[in-house]
Amino acid sequence: MMNYLAVGLGGMAGSVIRYMISLGTMNIGTAAFPYGTFIANILGCFFLGLLTGLNEKKEIIPKPIMLGLGTGLIGSLTTFSTFSVETVRLYEHSSIYMAGLYVLLSAGVGLLLAGSGFYLGQKRSEKVVSNG
1 MMNYLAVGLG
11 GMAGSVIRYM
21 ISLGTMNIGT
31 AAFPYGTFIA
41 NILGCFFLGL
51 LTGLNEKKEI
61 IPKPIMLGLG
71 TGLIGSLTTF
81 STFSVETVRL
91 YEHSSIYMAG
101 LYVLLSAGVG
111 LLLAGSGFYL
121 GQKRSEKVVS
131 NG
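Counting from 1, position 9 in the sequence shown corresponds to residue 9 in UniProt numbering; the numbering is continuous, with no gaps.
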């Protein structure tokens, strides 16, 4: 029951944060590029990588908290379905160039940040495990 509550609370927080990011990025650059979704997704990539890296060798973060942060908050913050629809819209209303740029930036930066977060998490985890 605790795991469900953690995921639900995290999901509620993640969806509100995602909405705030969308509102905060409405007037950035060109309206053709979906900055809100891009920022939410790459932040999620970094933080999920970091959390996963922290718990890679030893459970530093308890399971209910991991579920609340990873599945709940980050899962709710990020969105593949919105990314996909926005890519189709960019292709239809803007250009294949803008749609391609969005896909490449999202995948490239997302993977880079997920890997960086994972690496940082592992390094931090090693310090905690060796000191604790």
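Positions of the beta carbon are idealized from the N, C-alpha and C atoms, including for glycine.
Distance from the Cα of LEU104 is smallest, within the candidate group SER116, THR87 and ILE74, for THR87. In terms of Cβ geometry, TYR35 and ILE28 form a close pair [threshold 9 Å]. Three or more Cβ pairs closer than 8 Å define a contact, and the region 78-87 meets that threshold against the region 32-51. Taking C-beta atoms as the reference points, GLY121 and THR52 count as a pair closer than 9 Å. For ALA40, the closest C-alpha among the options ILE60, THR82 and MET2 is that of THR82. Exclusion of the five residues before and after TYR91 leaves ALA99 as the residues of its chain whose Cβ lies within less than 6 Å of its Cβ.
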